[in-house]
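Structure record follows, encoded as structure tokens.
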Amino acid sequence: MSLEILKSSSLSRRSAMKTGLAAVAAAAGLFPVRTYAASTVTFLGWQGYDDPLVFDGWTKSKDITLNTTYIGNNDEIVTKLRSGGIGTIDLVTPYMGYVPLMVKLDILQAIDRARVPNLSKVIPLFLNDPNLNPGGVLHAVPFTWGSGPMMYNPAMVPTPPESWKDLLKPEFTGKVVMMDDPLGNMMLAALVATDAKSPTQLTSAQLGAAIDFLIAVKKQSRAVTVSWGDMADALSRGDATISFSGWETIQKFCADKGKKINYHYPKEGTFAWLDSYCIAKDAPNLDVAYEICNHIIGVAPQKRLAENAIQAIVNTEAVAALDPAIKALYPYDSIEDFGKKAGFYSFPPTESDGTITTFQEWMKSYERFKSA
Amino acid sequence: MNGRTLPLMLTLPSAVIFIATFVLPFIYFFVISFWVVDYFELTPAATLVNYREMADRYVGVSVFTLWLSTVTALATVIIGFLYAFIARFKLPGFADLMIFVVLITMFGGYLMKIYAWKTILGNEGVLNSALMAVGIITEPVSALLYSPGAVVVTLLHFGLPFAVLPIYASMRGIKDIELEAARDLGATSLEIFTTVIVPRCRAGIVTAFSFAFLITAGDYITPLLVGGKQTLIGNLIAPQFGMQFNWPLGSAMSFVMLAISVATIFVFSRLMARWCRI
Chain A
582 MSLEILKSSS
592 LSRRSAMKTG
602 LAAVAAAAGL
612 FPVRTYAAST
622 VTFLGWQGYD
632 DPLVFDGWTK
642 SKDITLNTTY
652 IGNNDEIVTK
662 LRSGGIGTID
672 LVTPYMGYVP
682 LMVKLDILQA
692 IDRARVPNLS
702 KVIPLFLNDP
712 NLNPGGVLHA
722 VPFTWGSGPM
732 MYNPAMVPTP
742 PESWKDLLKP
752 EFTGKVVMMD
762 DPLGNMMLAA
772 LVATDAKSPT
782 QLTSAQLGAA
792 IDFLIAVKKQ
802 SRAVTVSWGD
812 MADALSRGDA
822 TISFSGWETI
832 QKFCADKGKK
842 INYHYPKEGT
852 FAWLDSYCIA
862 KDAPNLDVAY
872 EICNHIIGVA
882 PQKRLAENAI
892 QAIVNTEAVA
902 ALDPAIKALY
912 PYDSIEDFGK
922 KAGFYSFPPT
932 ESDGTITTFQ
942 EWMKSYERFK
952 SA
Chain B
52 MNGRTLPLML
62 TLPSAVIFIA
72 TFVLPFIYFF
82 VISFWVVDYF
92 ELTPAATLVN
102 YREMADRYVG
112 VSVFTLWLST
122 VTALATVIIG
132 FLYAFIARFK
142 LPGFADLMIF
152 VVLITMFGGY
162 LMKIYAWKTI
172 LGNEGVLNSA
182 LMAVGIITEP
192 VSALLYSPGA
202 VVVTLLHFGL
212 PFAVLPIYAS
222 MRGIKDIELE
232 AARDLGATSL
242 EIFTTVIVPR
252 CRAGIVTAFS
262 FAFLITAGDY
272 ITPLLVGGKQ
282 TLIGNLIAPQ
292 FGMQFNWPLG
302 SAMSFVMLAI
312 SVATIFVFSR
322 LMARWCRI
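Quick note, the sequences are listed as chains A and B, same order.
Numbers given in this note's numbering equal positions in the first sequence, counted from 1, plus 581.
Numbers given in this note's numbering equal positions in the second sequence, counted from 1, plus 51.
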């Protein structure tokens, strides 16, 4: 009985009395008190992002059952919530660029910072990212991050190029590898090939220039891979020696295959990404969703994420507790400098203002790159 | 239950599955191919705009897909035919073993075959290493992997059992006495091959071609993993159902490719019929 009351987000006078009685009974040792009743929480997010929750039996200890649905891309979150998911889905894990769009579509709810005390341990660069705070209100709990650096094989390329444009030089013909990452590729190409103030706010001409640059890099490339794992394979097997865009974790993938691969930020910089835990609008298990949001950025789950999935983490205490070899994979010690080299850019507009190209136009333009 | 209702009852489960998992989705996607997407929502309409977009923007990739699928299907049919021919006519004592070997290869997963070819064809792969070890080449041939050829080889490997089995089944229907009769009537080996064996295998050959062609035309994983920079139409259709959330356009592209595929198979079938003078 008391458990049902605790599940409720609002207390009526009657339920408050019941709660009081339950508390008295608990104090008298009549039955054990648990924080929550057995709850089935619906999680819609990337595979692996739920691992730190189930790790060490945390969900089991809280009587939480995760009903997980894994996504193949961020749009699935939008489409599932917009097609009947509101009121049934509790947690989603979008890329930070999608958060403003999702807030605009009214499918997320604001985060009550008081209910996520571990936010105080989050690196400010991530917590204060404007994408997570549309209208100045936090709507997403930052969870893991990374960027798109240049990956290179130091045995073949002793000194990495200063500029992304150097990949077009003859010495790299047939030695470049790219990943089929539309948004990342276009942001990076816009940074390199246009004078746009933000690589996600492009005119048609700038978008065209970015795609032209991508096509030029593609012509230099050996392969456009389907995943980061495949890019790591291509670098490890010697099929490619340098990359356009990348992911810091690739060096670990390659090290596991016996190949030393480094990363580097060319002078134009690159894009950064930040994935987050968000609570869906009308989440049926709001209290548990908050507890999960708080737990996922706690020290133990964050360490688990860093050590098991080799992902970058946001909790300063967890970073301090990392094994030095794991810590060295990401620029934790120069995080402010990282912020200057890799930008957290907003999502391209979804509605046209007549000047700036929309995401839909980006995707159509990207097909020109894919078909080239 | 009488003799008329029993067959209907026995057919019912498969009919229900077929209708639920193929016919209804097929109708659904055909209907939405005339719809539009408005701000992440499917919106009913009756427009040909998606088909027009297919015609405007995807002809080049469609032609490349058609070409690669035809090459793959023809290569698969020729190699499959040779294999079945040897099993049926040259090594009949080993035929069961040879067909068993073909069946065994079907147990290997699709992705396993792709990754196997990546291991074989890569710069530091088995083939390059072997060629360098015997001194035929001094540097790895990088064109082996991440090329249209790698896509053809991988899909040929995958599709070969689907070619061998129907062709071999057709060949088993050819009785030795038919070949002897042709020989007695003065036919040369080439004439027996072209006027008896091939015509009698026509159904198997067309089936094999259809399998191999459709597998290639609809595939988007193999080009991604071994094709390097190659893009088939499937690579542009898949994102319409994902990142681009444009199911109507994806459906229209799929139906156009389906029509092209059916037309190609029909043309191949007519060419085979003409060869066989049927």
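Don't be surprised by glycine CBs; every beta carbon is placed ideally from N, CA and C.
Examine the Cβ distances between the region 834–853 of chain A and the region 728–735 of chain A and report whether three or more of them are shorter than 8 Å. Judged by pairs of C-beta atoms under 8 Å, the region 834–853 of chain A touches the region 728–735 of chain A, as three or more such pairs exist.
If you run the structure through DSSP and keep just helix, strand and coil, what is Glu948 of chain A? helix
Would you please verify whether the beta carbon of Met149 of chain B is less than 7 Å from any beta carbon of chain A? no
Kindly indicate which residue of A:Ile652, A:Lys702 and A:Phe940 has the alpha-carbon position closest to the one of Asn297 of chain B. Nearest C-alpha to Asn297 of chain B: A:Phe940.
When the cut-off is 7 Å and only beta carbons count, does Leu207 of chain B lie next to chain A? No - not a single Cβ of chain A is within 7 Å of the one on Leu207 of chain B.
Bridge partners of Pro851 of chain A, per DSSP? Checking the sequence shown, residue 851 of chain A turns out to be Thr, not Pro. Thr851 of chain A is bridged by DSSP to A:Ala923.
Report the residues of the region 654–668 of chain A with a CB closer than 7 Å to any CB of chain B, ordered along the chain. Asn654, Asp656, Val659, Thr660 and Arg663
Can you pull the chain B residues whose beta carbon is under 7 Å from the beta carbon of Gly935 of chain A, in chain order? By Cβ distance, chain B contributes nothing, its closest Cβ being about 17 Å from Gly935 of chain A, past 7 Å.
So, for Phe317 of chain B: in the same chain, excluding its five sequence neighbours on each side, which residues have a beta-carbon less than 6 Å away from its beta-carbon? none
So is Ile877 of chain A buried or exposed if we call it buried at 16+ other beta carbons inside 10 Å? It counts as buried.
Alpha helix (DSSP H) segments (min. 4 residues) lying fully within the region 615–702 of chain A: 632–635, 639–642, 656–661 and 680–685
So with Cβ pairs under 7 Å, would you call Ile311 of chain B a contact of chain A? no
Per-residue burial, Arg328 of chain B [other beta carbons within 10 Å of its own, 16 or more giving buried]: exposed
Identify which residue in A:Asn709, A:Val738 and A:Ile894 has its Cα closest to the Cα of Tyr630 of chain A. Nearest C-alpha to Tyr630 of chain A among A:Asn709, A:Val738 and A:Ile894: A:Ile894.
Using beta-carbon positions only, say whether Leu767 of chain A and Phe825 of chain A come within less than 7 Å of one another. A small fix is needed here, since residue 767 of chain A is Met in this sequence, not Leu. No, they are not a contact pair.
Taking 7 Å as the CB-CB limit, is Ser952 of chain A close to chain B? yes
How would you write the range of the beta strand (DSSP E) that Arg803 of chain A sits in, first residue to last? Under the DSSP assignment, Arg803 of chain A falls in the beta strand (DSSP E) whose first and last residues are Ser802 to Thr806.
Determine which residues of the region 275–308 of chain B have a Cβ less than 7 Å from any Cβ of chain A, and write them out in chain order. Correct list: Leu275, Leu276, Gly279, Lys280, Thr282, Asn286, Leu287, Gly293, Met294, Gln295 and Phe296.
Between Lys164 of chain B and Phe209 of chain B, is the Cβ-Cβ spacing less than 7 Å? Contact: yes.
Asp793 of chain A at chain B interface by Cβ criterion, 7 Å: no
Just checking my contact of Ile266 of chain B with Phe132 of chain B at CB under 8 Å: how many whole Å lie between their CB atoms? About 17 Å separates the beta carbon of Ile266 of chain B from that of Phe132 of chain B, a gap too long to meet the 8 Å contact definition.
Looking at chain B, is there any beta carbon in it that lies within less than 7 Å of the beta carbon of Glu942 of chain A? no
For Trp726 of chain A, the first and last residue of its enclosing beta strand (DSSP E): Val722 to Ser728
Any 3 or more C-beta pairs closer than 8 Å across the region 749–764 of chain A and the region 881–898 of chain A: Flag = no, the region 749–764 of chain A and the region 881–898 of chain A do not touch.
Is the region 854–863 of chain A in contact with the region 680–698 of chain A, if contact means three or more CB pairs nearer than 8 Å? yes
First and last residue of the alpha helix (DSSP H) that includes Glu153 of chain B? Here residue 153 of chain B turns out to be Val, not Glu, going by the sequence shown. Note, Val153 of chain B: alpha helix (DSSP H), Ala146 to Phe158.
According to DSSP, simplified to helix, strand and coil, what is Ser779 of chain A? If DSSP states are grouped into helix, strand and coil, Ser779 of chain A belongs with coil.
Nearest residue (CA-CA) to Ala97 of chain B, options B:Pro299, B:Asp227, B:Thr315 and B:Arg321: If we check each option's Cα against that of Ala97 of chain B, B:Pro299 comes out closest.
Whole angstroms are fine: how far does the CA of Ile137 of chain B sit from the CA of Ala238 of chain B? When rounded, the separation of the alpha-carbon atoms in Ala238 of chain B and Ile137 of chain B is 20 Å.
Helix, strand or coil for Asp856 of chain A, going by three-state DSSP, please let me know. strand
Around the C-beta of Val718 of chain A, are 16 or more other C-beta atoms found within 10 angstroms, so that it is buried, or is it exposed? exposed
DSSP-derived helix/strand/coil call for Leu297 of chain B: The question names Leu, but residue 297 of chain B is Asn in the sequence shown. Coil at Asn297 of chain B, not helix or strand.
Can the beta-carbon of Ile218 of chain B be found less than 7 Å from the beta-carbon of Cys252 of chain B? yes
Note the first and the last residue of the continuous beta strand (DSSP E) segment covering Asn866 of chain A. Asn866 of chain A -> no beta strand (DSSP E), and no H or E assigned at all.
Of all the residues that make up the region 176–202 of chain B, which are near chain A by a beta-carbon distance shorter than 8 Å? Gly176, Pro191, Ser193, Leu196 and Tyr197
Starting from Leu93 of chain B, follow the beta strand (DSSP E) in both directions and report where the run begins and ends. For Leu93 of chain B, the enclosing beta strand (DSSP E) stretches over residues Glu92 to Thr94.
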